[in-house]
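Input: a single structure, listed below in structure tokens.
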């Protein structure tokens, strides 16, 4: 999360902790923080059924083990839009 919001980096498999829902490569997906709050939206490069096996692993290791096509970002920075926090995001729920 910090690499995307502060470091302006791409989303790599090593930075993902979970995948929810079904989607295909080329579709927009929502990125959420550990609490489930939306932080960004981006165009994903992998299908949802492929991602769980890639989570937490480096792209170099994936390319060495599975092939060069796995040495790429899950979401490239150029295909990622950060969500601007709203004031109501900082207000506790009653």
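Residue numbers (my numbering): 386 to 479. From the three backbone atoms N, C-alpha and C, an ideal C-beta is built for every residue, glycine too. In this text the structure is predicted, and so the values were computed from the model without any measurement.
In chain order, which continuous runs of the beta strand (DSSP E) of length 3 or greater are located wholly inside the segment 403-466? 413-417, 423-428
Assuming residue 326 and residue 390 form a contact by the criterion Cβ under 8 Å, report the distance between their Cβ atoms to the nearest whole angstrom. Past the boundaries of the shown model lies residue 326; the chain is included only from 386 to 479, so the question cannot be answered.
If you drop the 5 nearest sequence neighbours on each side, which residues of the same chain put their C-beta closer than 6 Å to that of residue 451? none
Start-to-end residues for the alpha helix (DSSP H) that takes in residue 389: 387-390
Leaving aside the five residues before and after residue 398 along the sequence, list all residues of the same chain whose C-beta is less than 8 Å from its C-beta, in chain order. 436, 439, 440, 441, 442, 443, 444, 447, 459
Starting from residue 396, follow its DSSP beta bridges and name the residues at the other end. 460
Count the other CB atoms, across all protein chains shown, that sit within 10 Å of the CB of residue 396; report buried if there are 16 or more and exposed otherwise. buried
Residue 407 to residue 417, Cα distance in whole Å? One alpha carbon belongs to residue 407, the other to residue 417, and they sit about 15 Å apart.
Buried or exposed, going by whether 16 or more other CB atoms sit within 10 Å of the CB of residue 392? exposed
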